[in-house]
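Numbering (UniProt numbering), first residue to last: 1 to 769.
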Amino acid sequence: MTVKIAPDQVHQIVGNQHQDPFEILGAHPIQDNGKISHWAVRAYLPNADSVSVIVPEQRQEYPMQSVHNPHFFECVIETAELANYQFRITEGEHERVIYDPYAFRSPKLTDLDIHLFAEGNHHRIYEKLGAHTLEVNGVKGVYFAVWAPNARNISVLGDFNHWDGRKHQMAKRGNGVWELFIPDLGVGEHYKYEIKNSAGHIYEKSDPYGFQQEPRPKTASIVTDLDNYNWTDQNWMEERRNSDPLSKPISVYECHLGSWLHASASEPAKLPNGDTEPVVIVSELKPGARFLTYRELAAKLIPYVKELGYTHIELLPIAEHPFDGSWGYQVTGYYAPTSRFGTPEDFMYFVDCCHQEGIGVLVDWVPGHFPKDGHGLAFFDGTHLYEHADPRKGEHKEWGTLVFNYNRNEVRNFLVANVLFWFDKFHIDGIRVDAVASMLYLDYCRKEGEWVTNQYGGRENLEAADFLRQANHLLFSYYPGVLSIAEESTSWPMVSWPTYVGGLGFNLKWNMGWMHDMLDYFSMDPWFRQFHQNNITFSMWYHHSENFMLALSHDEVVHGKSNIIGKMPGDRWQKLANVRCLFTYMFAHPGKKTLFMSMEFGQWSEWNVWGDLEWELLQYEPHQQLKTFMTDLNQLYCSTPELYSQDFGQEGFEWIDCSDNRHSVVSFIRWDKNKEDFVVVVCNFTPQPHSHYRVGVPVHGFYSEIFNSDSGKYGGSNMGNLGGKWADEWWFHSHAYSMDLCLPPLSVLVFKLDQEKTEEARKAWMSQT
Numbered sequence: 001m002t003v004k005i006a007p008d009q010v011h012q013i014v015g016n017q018h019q020d021p022f023e024i025l026g027a028h029p030i031q032d033n034g035k036i037s038h039w040a041v042r043a044y045l046p047n048a049d050s051v052s053v054i055v056p057e058q059r060q061e062y063p064m065q066s067v068h069n070p071h072f073f074e075c076v077i078e079t080a081e082l083a084n085y086q087f088r089i090t091e092g093e094h095e096r097v098i099y100d101p102y103a104f105r106s107p108k109l110t111d112l113d114i115h116l117f118a119e120g121n122h123h124r125i126y127e128k129l130g131a132h133t134l135e136v137n138g139v140k141g142v143y144f145a146v147w148a149p150n151a152r153n154i155s156v157l158g159d160f161n162h163w164d165g166r167k168h169q170m171a172k173r174g175n176g177v178w179e180l181f182i183p184d185l186g187v188g189e190h191y192k193y194e195i196k197n198s199a200g201h202i203y204e205k206s207d208p209y210g211f212q213q214e215p216r217p218k219t220a221s222i223v224t225d226l227d228n229y230n231w232t233d234q235n236w237m238e239e240r241r242n243s244d245p246l247s248k249p250i251s252v253y254e255c256h257l258g259s260w261l262h263a264s265a266s267e268p269a270k271l272p273n274g275d276t277e278p279v280v281i282v283s284e285l286k287p288g289a290r291f292l293t294y295r296e297l298a299a300k301l302i303p304y305v306k307e308l309g310y311t312h313i314e315l316l317p318i319a320e321h322p323f324d325g326s327w328g329y330q331v332t333g334y335y336a337p338t339s340r341f342g343t344p345e346d347f348m349y350f351v352d353c354c355h356q357e358g359i360g361v362l363v364d365w366v367p368g369h370f371p372k373d374g375h376g377l378a379f380f381d382g383t384h385l386y387e388h389a390d391p392r393k394g395e396h397k398e399w400g401t402l403v404f405n406y407n408r409n410e411v412r413n414f415l416v417a418n419v420l421f422w423f424d425k426f427h428i429d430g431i432r433v434d435a436v437a438s439m440l441y442l443d444y445c446r447k448e449g450e451w452v453t454n455q456y457g458g459r460e461n462l463e464a465a466d467f468l469r470q471a472n473h474l475l476f477s478y479y480p481g482v483l484s485i486a487e488e489s490t491s492w493p494m495v496s497w498p499t500y501v502g503g504l505g506f507n508l509k510w511n512m513g514w515m516h517d518m519l520d521y522f523s524m525d526p527w528f529r530q531f532h533q534n535n536i537t538f539s540m541w542y543h544h545s546e547n548f549m550l551a552l553s554h555d556e557v558v559h560g561k562s563n564i565i566g567k568m569p570g571d572r573w574q575k576l577a578n579v580r581c582l583f584t585y586m587f588a589h590p591g592k593k594t595l596f597m598s599m600e601f602g603q604w605s606e607w608n609v610w611g612d613l614e615w616e617l618l619q620y621e622p623h624q625q626l627k628t629f630m631t632d633l634n635q636l637y638c639s640t641p642e643l644y645s646q647d648f649g650q651e652g653f654e655w656i657d658c659s660d661n662r663h664s665v666v667s668f669i670r671w672d673k674n675k676e677d678f679v680v681v682v683c684n685f686t687p688q689p690h691s692h693y694r695v696g697v698p699v700h701g702f703y704s705e706i707f708n709s710d711s712g713k714y715g716g717s718n719m720g721n722l723g724g725k726w727a728d729e730w731w732f733h734s735h736a737y738s739m740d741l742c743l744p745p746l747s748v749l750v751f752k753l754d755q756e757k758t759e760e761a762r763k764a765w766m767s768q769t
């Protein structure tokens, strides 16, 4: 029996113009009297000289004939059933045997999947789209799926087909999803998508849902299986799920992995089994330097952070990005941990090690914009798919990046599933969402005439706000006990309020106002501070309006702003004292805490994304003393519930005196959650010490001086109160009792009522009377 296919159908395949090549290629049944008696098998195999079909059940081969094109082949096989046949292909002097991709209709992507994705409600779409190892009819391979509704045709490119878009043409399913199962592929294959628009223009794109990419400047995606890592953090995850993080101490070490520390390029990176792994050499680094791998960072960074006493590590974005100078904030691979430091499994190992040491992991997440790089999301299918077509809504001209179209269900689904993905696959403990204000306001950094209003004529981006609510609502539904932190610099209401009362649903918000007030205050000469007491006190008027996090971040130590110690006035001793004073006030102030790397030891120079931190400074005593101070401050904070358990309500804070601007002194009380225990904090923001400075307290007894930022062990003048003070029956500051204190220069003192010593004194007095 001979069957000839129509020439125009062949030309559609040869010209890569058919949206469902399964209609032509593969095996097609031929019926005789209502029963299948033969199969017509067709294949388009560029570069093939001859092809035959191997039928394992029959142990026969059937030669194929060229039809209408030298590389389009067809044959008819007499059999009622035909499964898992193979092609024997001769190309010049080479011969190979392959399975036919068009013999496999993969069941991975269901109609329900497509429906939920079109609604924007497929919360694990990353398990369906992208590249996934799969076994179909007993044959192992890789399933590829990509969303590109406006493409004319899409092909999978890779080393396996010599990057020839004619060889693996994908089939279009509902809602613009394209798919293809390619047999005999596995983990480690490099691939991209060749996308043609309606005009035939070709775009080679990385996989938006790809789990791994080549180290830049290469841009191919890599087939990866994320389900093979053996996690050992079950206890941590269970405890997290059943706890309220806002009632715990949160002290965050903000870190950029690519510039914390480098290794020698001549030193190979070691794997746990003794093997070595490829490392990334970067031309911008100092000669002979390379990045540390995730596993090396686990061995060096985690013990360092634990020694300092931080509770969390926050990583600047580690999703794949092409340009080091963006610090990770211009993401092209939203589902791929950057390959600069190793594989996805290596990153899992890093997170797992953090959890073993009792340290949480936060990751910066960037849903506000993406770069225009040709291999990324920009103009993905030849149209403005992920971004708005109107540049007044779809572009940040100041940053040179594009804005997601939050109004499109599939785009919103891409982002919502992405945030869940990092918690699901990598067990992270929280996100810090970058540049939230740029998402919420349509006129953000735009001049008059460069933006369009919302449907009500306002400047608010309602779709972005709805997206953030959806993302946070789902995040806390799936992963209770985690953190979602907004970097939001405006007065948008209820950012950290729950979505069910109209909030954006974050559980923390960076207090940008506090940061600006503090840096302005501490950068001025102490004599002038008496005229700016409001900088210190103003945050207390609003600290309970949101769940605030106090952050001194990477943004404050770049672009000519100087590092923290360089902002301070005075000689070197005063600069260091000011730093200790600022940090202690920060940790005594209501709100969770974040400090950028290098601040803990007083780096002088600005942060350089291509350089190491100035670790050599630790050979000098003042910088070693500052590091000791930071360790003790974290220990004080984490061991004193009064400083963290009541961060977000008015009940946790009480001014003793905030009006002594003449001396630039403030004093206040921090209460614990039960309003029973408290600490007294007294701050002197000038280099002038004060003796016999009286401060009112609510209870009679002995107050131990549990922390003194001016201690000699920190490089201070070592003034203080000889371990503590008794309260006198002397009405002061609206309290029945008060202490006569010595206030060291540029210092913060923390006192706590010593119940045991007070009770001993009471008993001694009773026995005498």
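No residue lacks a Cβ here, since even glycine has one placed at the ideal position from N, Cα and C. Please read all numbers here as calculations on a predicted model, not as lab measurements.
- The C-alpha of G696 lies about 49 angstroms from the C-alpha of G258.
- By the C-beta criterion, the stretch 100 to 111 is judged to be in contact with the stretch 137 to 150, since at least 3 inter-stretch pairs fall below 8 angstroms.
- Between M549 and G591, the beta carbon gap of about 6 angstroms places them in contact (Cβ cut-off 8 angstroms).
- Annotation: W527 to T686 spans about 7 angstroms, alpha carbon to alpha carbon.
- In the DSSP assignment, S717 forms no beta bridge with any residue.
- Ranked by Cα distance from G342, the options D429, S709, F707 and Q213 are led by Q213.
- Judged by DSSP secondary structure, S438 falls within the alpha helix (DSSP H) whose first and last residues are V436 to L440.
- Taking a cut-off of 8 angstroms on C-beta distances, the stretch 352 to 365 does not touch the stretch 447 to 457, as fewer than three cross pairs fall below it.
- Around the CB of H94, fewer than 16 other CB atoms lie within 10 Å, so the residue is classed as exposed.
- Sequence-distant partners of L582 (beyond 5 residues in either direction) whose C-beta falls short of 7 angstroms from its own C-beta, in its chain, are M518 and F522.
- For G258, the enclosing alpha helix (DSSP H) stretches over residues L257 to W260.
- Ranked by how close their Cα comes to the Cα of M170, the residues K192, R670 and L308 have K192 in first place.
- The three-state secondary structure of N161, taken from DSSP, is helix.
- When H396, F73 and D324 are compared, the shortest CA-CA separation from H11 is found for F73.
- If you draw a 10 Å sphere on the C-beta of C683, you find 16 or more other C-beta atoms in it, and that means buried.
- In the DSSP secondary-structure assignment, M739 is bridged to V695.
- The beta carbon of R96 lies closer than 7 angstroms to those of I89 in the same chain, with the five residues before and after it left out.
- Looking at the DSSP output, P322 sits in no beta bridge, so it has no partner there.
- Contact check between the stretch 304 to 311 and the stretch 243 to 253: three or more CB pairs, one atom from each, fall below 8 angstroms, which counts as touching.
- With contacts defined as CB atoms closer than 7 angstroms, P344 and R216 fail to qualify as a contacting pair.
- Taking a cut-off of 8 angstroms for Cβ pairs, the stretch 52 to 59 and the stretch 11 to 23 do not touch, as fewer than three such pairs fall below it.
- The secondary-structure analysis by DSSP pairs P63 across a beta bridge with S52.
- Residue V53 holds the alpha-carbon nearest to the alpha-carbon of A43 among R459, V53, I36 and Y203.
- Less than 7 angstroms separates the beta-carbon of I669 from that of E654.
- Its chain contains S206 and H375 as the residues whose beta carbon lies nearer than 6 angstroms to that of T219, once the 5 sequence neighbours on both sides are disregarded; these appear in chain order.
- Following the DSSP letters along the chain, one finds D657 inside the beta strand (DSSP E) bounded by residues F653 to D660.
- Comparing alpha carbon positions, the residue from E78, H623 and D525 closest to S664 is D525.
- In this structure, V679 sits away from V748, with a CB-CB distance that is not shorter than 7 angstroms.
- The beta carbon of V187 sits closer than 7 angstroms to the beta carbons of T133, V223, T224 and D225 from its chain, once the five residues preceding and following it are set aside; these are given in chain order.
- The DSSP-derived three-state label of S484 is strand.
- Beta-bridge analysis with DSSP links N563 to no other residue.
- A buried status is given to N405, since no fewer than 16 other beta-carbon atoms sit within 10 Å of its beta-carbon.
- Contact between V366 and W422 fails: their C-beta atoms lie close to 12 angstroms from each other, not under 8 angstroms.
- Between the stretch 483 to 493 and the stretch 617 to 627 there are fewer than three inter-stretch CB-CB distances shorter than 8 angstroms, so the stretches are not counted as touching.
- Looking only at I182, E314, W163 and G165, the smallest Cα-Cα distance to F144 is reached by I182.
- Sixteen is the threshold: since fewer than 16 other Cβ atoms of the shown chains lie within 10 Å of the Cβ of D8, the residue is exposed.
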